[in-house]
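Here's the structure, in structure tokens; my notes come after.
4 protein chains.
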Amino acid sequence: MVIVMKKGCTREDLARVTSAVEDLGLRAHVLPGVDRTAIGVTGNPGPLDPDAFERLPGVARAIPVSQPFKLASREMNPNDTVVRVGKRAIGDGGLFVIAGPCAVENADQIMETALAMKSAGADALRGGAFKPRSSPYSFQGLGKEGLILLAKAREATGLPIVTEAVDQATLGLVAEFADVVQIGARNMQNYELLKRAGKLAKPVLLKRGMSATLEDFLLAAEYVLAEGNPHVILCERGIRTFSHHNRYTLDLSVVPTAREVCHLPIFVDPSHATGRREAVPAMARAEFHPSPDEALSDGRQALRPQQGAELFAQLRAIAAIVARKAEAVR
Amino acid sequence: MVIVMKKGCTREDLARVTSAVEDLGLRAHVLPGVDRTAIGVTGNPGPLDPDAFERLPGVARAIPVSQPFKLASREMNPNDTVVRVGKRAIGDGGLFVIAGPCAVENADQIMETALAMKSAGADALRGGAFKPRSSPYSFQGLGKEGLILLAKAREATGLPIVTEAVDQATLGLVAEFADVVQIGARNMQNYELLKRAGKLAKPVLLKRGMSATLEDFLLAAEYVLAEGNPHVILCERGIRTFSHHNRYTLDLSVVPTAREVCHLPIFVDPSHATGRREAVPAMARAEFHPSPDEALSDGRQALRPQQGAELFAQLRAIAAIVARKAEAVR
Amino acid sequence: MVIVMKKGCTREDLARVTSAVEDLGLRAHVLPGVDRTAIGVTGNPGPLDPDAFERLPGVARAIPVSQPFKLASREMNPNDTVVRVGKRAIGDGGLFVIAGPCAVENADQIMETALAMKSAGADALRGGAFKPRSSPYSFQGLGKEGLILLAKAREATGLPIVTEAVDQATLGLVAEFADVVQIGARNMQNYELLKRAGKLAKPVLLKRGMSATLEDFLLAAEYVLAEGNPHVILCERGIRTFSHHNRYTLDLSVVPTAREVCHLPIFVDPSHATGRREAVPAMARAEFHPSPDEALSDGRQALRPQQGAELFAQLRAIAAIVARKAEAVR
Amino acid sequence: MVIVMKKGCTREDLARVTSAVEDLGLRAHVLPGVDRTAIGVTGNPGPLDPDAFERLPGVARAIPVSQPFKLASREMNPNDTVVRVGKRAIGDGGLFVIAGPCAVENADQIMETALAMKSAGADALRGGAFKPRSSPYSFQGLGKEGLILLAKAREATGLPIVTEAVDQATLGLVAEFADVVQIGARNMQNYELLKRAGKLAKPVLLKRGMSATLEDFLLAAEYVLAEGNPHVILCERGIRTFSHHNRYTLDLSVVPTAREVCHLPIFVDPSHATGRREAVPAMARAEFHPSPDEALSDGRQALRPQQGAELFAQLRAIAAIVARKAEAVR
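Next comes the structure, spelled out in structure tokens:
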């Protein structure tokens with residue numbers, strides 16, 4: 000349930016509602032908005048009676064949330080969530096490009112890539128210091144050393160850093176260095192890690208599990224939100240299907256659907272899904288239209304810097320067209 | 000195997016090669032090109048010896064085809080196939096929009112839609128007269144009457160007509176009326192129907208089966224090509240996956256991959272895959288970028304005419320950007 | 000809707016109900032039963048009023064059918080359908096094993112296999128004379144010659160014959176020779192073929208399409224039933240999934256679920272799904288337990304005759320255990 | 000690579016080989032066998048030269064392992080791994096039934112179920128104290144209290160306990176109480192948890208992730224094995240497919256295939272896959288045949304005790320038939 004407060008409600012009104020919620024053994028999440036404050040209620044096993052809250056002073060309306068995910072739902076928050084990363088914003092309607100190598104390999108590699116991505120027009124640098132790998136015998140990342148190299152690349156370019164945390168033990172360390180903490184597809188249902196990420200003050204980029212339904216995906220986001228971290232960014236990265244011409248099937252249609260039922264921003268990662276350099280530009284152009292504001296691509300591994308620059312410029316040109324007409328077509 | 004002829008080869012040279020192929024119990028398919036003529040060879044159970052053909056007068060080279068699909072492969076034809084529909088071309092790099100209702104329902108409905116699609120800027124009208132339906136109790140289409148109504152709509156608007164054939168018995172009738180004969184997803188492996196479509200002089204729009212791999216899809220096209228009809232247009236329309244937020248998962252990444260290994264043009268149909276009016280514009284914008292020249296959408300059922308006009312204009316503006324930069328980024 | 004007649008109802012009662020149904024523009028299907036006769040009603044776009052029928056003489060009850068498939072549903076027929084094949088029955092609780100090669104290749108091959116299958120204890124012989132193949136360049140079957148060879152094998156062994164029809168043009172020919180006409184997975188949604196099969200007096204073995212949901216599958220069966228042929232046998236043969244250790248994923252759990260909502264017998268074909276000789280016995284033992292009465296396996300191609308004999312004996316022993324305890328455990 | 004030692008090899012021979020492996024920067028895993036000792040080598044990025052090891056005294060042969068998983072492969076260990084649980088063994092060819100509720104709810108519930116399962120003939124009790132739940136608002140388990148209740152049920156019945164660990168923080172606690180530590184499907188690619196489980200002295204039951212290929216699954220097992228814990232038991236529990244008549248599609252054919260390439264025992268869990276009480280007995284009968292020795296079912300939630308007793312008895316009878324004939328049919 001969301002309890003929407005009246006415009007001029009007082010602190011006492013808010014406190015009274017919060018207490019009323021907690022007296023029922025439930026949790027109250029204060030959701031400050033531009034025009035009005037709302038209070039999200041979670042923890043109720045079944046539907047609540049709106050009357051019990053609408054009677055309280057300062058309350059405009061109490062609205063039941065029909066989705067299994069609550070804080071993530073559009074019902075709870077009809078406005079798009081905007082996540083600030085450095086001086087930039089994700090989810091405000093502008094294009095935001097994250098680029099970089101899959102893994103940080105050494106000082107030269109990450110610095111060169113960062114400079115190339117910067118001049119190509121990327122908005123953030125990504126690179127893995129901790130890597131979840133299918134085989135225990137594959138390179139598992141440079142760990143803390145990788146994080147230090149990322150920080151140096153940030154210093155040199157001004158690009159904020161997106162990097163993955165793979166367990167609770169190193170999550171704090173990753174959060175110290177990262178501007179955005181990534182939770183990878185393989186950990187999307189590692190609920191203990193999600194709960195811990197919900198206690199961070201940093202934005203969390205949550206990648207869709209390779210067999211997660213949209214509901215599973217948004218419930219995973221809900222784990223982070225429910226612990227108090229509202230800065231969650233979603234990312235579609237391809238799902239497992241019978242169709243094996245690419246490693247994964249990029250499920251682009253999840254983007255408009257997620258945006259209907261959920262207020263969180265959503266990225267698309269075309270490089271892991273296709274797994275082939277040739278297909279990345281085509282899918283990147285495709286990808287960001289449903290969600291005109293974001294794109295995440297893989298730098299060195301997939302595209303040469305010059306290719307990146309041209310692709311990003313093309314994306315911005317298309318974004319301008321889509322934004323201009325967006326109201327008309329919607 | 001493809002046998003590429005020298006530039007100034009004579010009719011006799013061609014006839015000699017054709018005979019040599021047929022003497023081996025194989026089939027020879029003459030593939031005329033702008034610069035050179037080639038002869039496709041099919042029917043061989045294993046690899047052929049190139050020498051046997053390269054010795055013949057007028058032969059430049061004999062190239063084995065490694066893919067299971069032969070005539071459909073890029074090895075057989077490195078140039079993009081362009082299919083002419085009325086005065087227009089599909090696959091020449093321009094945008095081509097097919098729009099219209101799922102089924103022809105009555106005279107007013109199809110005429111109104113056709114006029115609206117025409118003024119919105121569509122390039123062809125589609126509508127089903129014969130409908131393959133999951134349930135025997137659902138409306139199965141108007142049949143011949145539907146074809147007559149489509150012909151009247153073509154007369155009034157000048158738009159060529161795309162309509163589906165569902166069996167061998169009525170394929171001839173459909174081909175009499177249609178400018179492009181559609182083979183639907185449910186019949187993609189109805190090989191007897193494909194063989195019959197391969198004897199038509201009309202272009203065939205072949206929709207991907209809902210669980211067809213790329214290889215299955217191109218082998219289905221091969222059935223049509225192998226019978227002598229080179230005018231095959233592919234169409235991605237969504238596949239069956241666990242992901243149930245939409246009816247089907249539109250597998251956009253099949254487009255760049257198909258174009259790497261196959262020379263046939265490929266459309267994308269966003270309306271059947273999403274099954275929801277809201278998601279169509281987003282997926283349509285996404286869809287045609289991988290393949291900058293085509294888009295197929297569902298008219299009345301999904302989008303109102305004004306929405307269509309705005310969407311199609313947006314698609315053309317994006318197509319211009321993608322085309323302009325395509326060489327650079329590729 | 001199913002209209003259940005009273006025990007002693009007269010011919011006139013039946014005729015009156017049939018007329019009442021047809022007067023509404025609907026179809027009446029007389030379903031004779033051991034204890035009572037029922038009339039299935041199809042063609043109604045929405046729910047019907049039971050009262051209109053319950054008022055008629057001889058009518059016990061009129062029961063709405065909630066499933067999209069009507070004649071195939073348990074609501075329409077609570078008893079298991081038993082299909083007679085020669086002197087044997089499919090669906091009566093006994094084990095029924097269909098075995099044989101994928102394709103009829105020549106006289107010796109099919110005769111030898113038939114004799115081996117007979118002595119191994121198979122109940123029917125299968126073998127393809129018309130083969131739907133992914134590639135137009137693969138062997139498409141011996142056609143009529145194959146049917147003649149099958150007939151000779153039947154003569155020599157007494158085993159009834161199961162063989163596939165791939166199009167309307169040759170369906171009649173196949174039905175002349177076959178004891179059971181198979182519709183393959185690739186044609187499960189070839190609705191025109193299904194309708195034609197619905198006019199046969201022969202049993203139809205309908206294989207599940209590789210991406211068919213249970214509802215799709217039963218609606219395909221409904222196409223046959225709706226045309227008047229009640230002798231439909233279902234067959235699970237594996238579905239397309241991401242899981243690629245075998246060609247297809249045998250979806251055994253469809254068997255108990257199908258039997259809950261549908262009265263038709265259901266076979267399982269372990270050989271095509273696994274695609275590997277080694278896995279067939281394991282899956283065959285697994286397969287038939289959900290449905291203790293049937294199993295379909297691939298003979299020569301997969302198992303040597305001696306292996307077949309031991310497997311079939313093992314299946315019968317397990318069937319005895321399952322049957323003995325079936326009431327207790329259900 | 001596996002280095003197989005000669006029958007009468009000395010401790011010094013073994014130590015010399017181990018040193019030679021470690022000198023190359025690789026890891027040596029001593030694998031004691033009934034007849035011979037072997038040493039598994041892991042950590043090599045590419046193929047190793049067998050000669051370098053075959054020259055050493057006491058070495059019979061050095062065999063390269065072609066699979067990406069090494070310690071889990073049949074090449075490394077041609078014998079079936081047998082895991083001891085209390086006085087019983089898993090993987091020795093006998094039937095082993097694990098049964099119990101999804102979650103431990105309270106003292107009475109778990110004690111009653113344990114007694115019922117014991118008298119029905121189960122071999123181990125399972126029940127979740129820590130539960131990974133899709134929604135943060137669902138019951139997450141009783142935690143340590145649940146473990147204590149399980150221990151009491153073990154005391155009363157003698158049944159060993161199988162219970163899940165969901166994170167590194169509580170893994171040690173779970174291992175203190177459990178006889179077998181379960182890693183659930185959602186954590187199958189939580190590699191940090193797997194590594195930690197590899198340091199336990201307790202058997203680990205690893206459930207297949209819902210979109211894990213067989214290779215992913217065996218590589219996850221490899222994470223545990225590579226850390227030194229050889230007591231890994233696999234468990235198939237259903238995969239995500241388009242087929243939605245059940246929650247998951249039980250992929251039974253993974254069992255014979257896994258056993259071909261891997262020496263670890265494998266269970267099947269029919270209750271979570273079907274999600275419906277009615278389908279459990281059918282799938283349980285099906286499930287255990289490919290792997291005649293094990294079955295895992297859900298007790299109270301799914302089956303009433305009397306049903307359980309009858310099902311388990313039926314399973315044992317079938318197991319006897321399958322075991323008796325297993326050599327003949329293979």
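Chains as they are written, first to last, in numbering that gives the first Met the number 0: chain A, 0 to 329; chain B, 0 to 329; chain C, 0 to 329; chain D, 0 to 329.
C-beta: ideal position from N, C-alpha, C; glycine also.
Unbroken beta strand (DSSP E) runs of no fewer than 3 residues, entirely contained in the stretch 18-71 of chain C, are found at 26-30, 37-41, 58-62, following chain order. Within the DSSP bridge table, the entry for residue 181 of chain D names D:163, D:204 as partners. Of the residues D:159, D:182, D:90, D:116, the one whose Cα lies closest to the Cα of residue 130 of chain D is D:182. Interface criterion not met: the Cβ of residue 236 of chain B is under 9 Å from no Cβ in chain D. Contact check between the stretch 83-98 of chain A and the stretch 139-148 of chain A: fewer than three CB pairs, one atom from each, fall below 8 Å, which does not count as touching. As the crow flies, the alpha-carbon of residue 260 of chain A is around 17 Å from that of residue 91 of chain A.
For residue 216 of chain A, the enclosing alpha helix (DSSP H) begins and ends at 213-225.
For residue 233 of chain B, no chain A residue has a C-beta closer than 7 Å to its own C-beta; the minimum C-beta separation is roughly 13 Å. Contact between the stretch 233-247 of chain D and the stretch 240-249 of chain C is present: three or more C-beta pairs spanning the two stretches fall below 8 Å. Within the stretch 160-173 of chain C, those residues whose Cβ lies closer than 8 Å to any Cβ of chain B are, in chain order, 165, 166, 167, 168. Residue 127 of chain B has B:102 as its beta-bridge partners, per DSSP. Interface residue (Cβ-Cβ distance to chain D less than 9 Å): residue 209 of chain A is classified as such. Residue-level contact by beta carbon fails for residue 108 of chain B and chain C, as no gap is shorter than 9 Å. In the structure shown, residue 311 of chain A falls within a helical segment according to DSSP collapsed to helix, strand and coil. For the pair of segments examined, the stretch 144-158 of chain B was found not to touch the stretch 203-217 of chain C: the number of CB pairs separated by less than 8 Å stays below three.
A distance below 9 Å separates the beta carbons of residue 220 of chain A and residue 71 of chain A. When rounded, the separation of the alpha-carbon atoms in residue 197 of chain C and residue 0 of chain D is 60 Å. DSSP places residue 96 of chain C within a strand segment (E or B) once states are collapsed to three. Counting the other CB atoms within 10 Å of its CB gives residue 126 of chain B a total of 16 or more, which places it among the buried residues. Taking one beta carbon from each stretch, the stretch 185-204 of chain A and the stretch 187-195 of chain D have 3 or more pairs nearer than 8 Å; the two touch. For residue 225 of chain C, the chain B residues whose C-beta falls within less than 9 Å of its own C-beta are 135, 136, listed in chain order. The beta-bridge partner set that DSSP reports for residue 88 of chain C consists of C:83.
Interface flag for residue 153 of chain B against chain D is unset, since no Cβ pair is found closer than 9 Å. Exclusion of the five residues before and after residue 77 of chain B leaves 262 as the residues of its chain whose Cβ lies within less than 8 Å of its Cβ.
At a beta-carbon threshold of 7 Å, the residues of chain C lying near residue 241 of chain A are 239, 240, 241, ordered along the chain. The C-alpha of residue 165 of chain B lies about 11 Å from the C-alpha of residue 171 of chain B.
For the stretch 36-48 of chain C, the set of positions with a beta-carbon nearer than 9 Å to some beta-carbon of chain B reads 41, 42, 43, 44 in chain order. Residue 225 of chain A and residue 23 of chain C have their C-alpha atoms some 57 Å from each other. Taking 8 Å as the upper bound for CB-CB distance, residue 82 of chain B and residue 202 of chain B are in contact here, some 5 Å apart. Per DSSP, reduced to three states, the secondary structure at residue 233 of chain B is strand. Judged by DSSP in its simplified three-state form, residue 110 of chain D adopts helix. Within chain B, 242, 248 have C-beta atoms less than 7 Å from the C-beta of residue 250 of chain A, given in sequence order. Residue 248 of chain D carries a strand assignment under DSSP once its states are collapsed to helix, strand and coil. Non-local C-beta neighbours of residue 227 of chain C in its own chain, meaning closer than 8 Å and more than five positions away in sequence, comprise 28, 197, 198, ordered along the chain. A distance below 7 Å between beta-carbons, with the five flanking residues on each side excluded, links residue 168 of chain D to no residue of its chain. Against chain D, a Cβ distance below 9 Å from residue 215 of chain A picks out 133.
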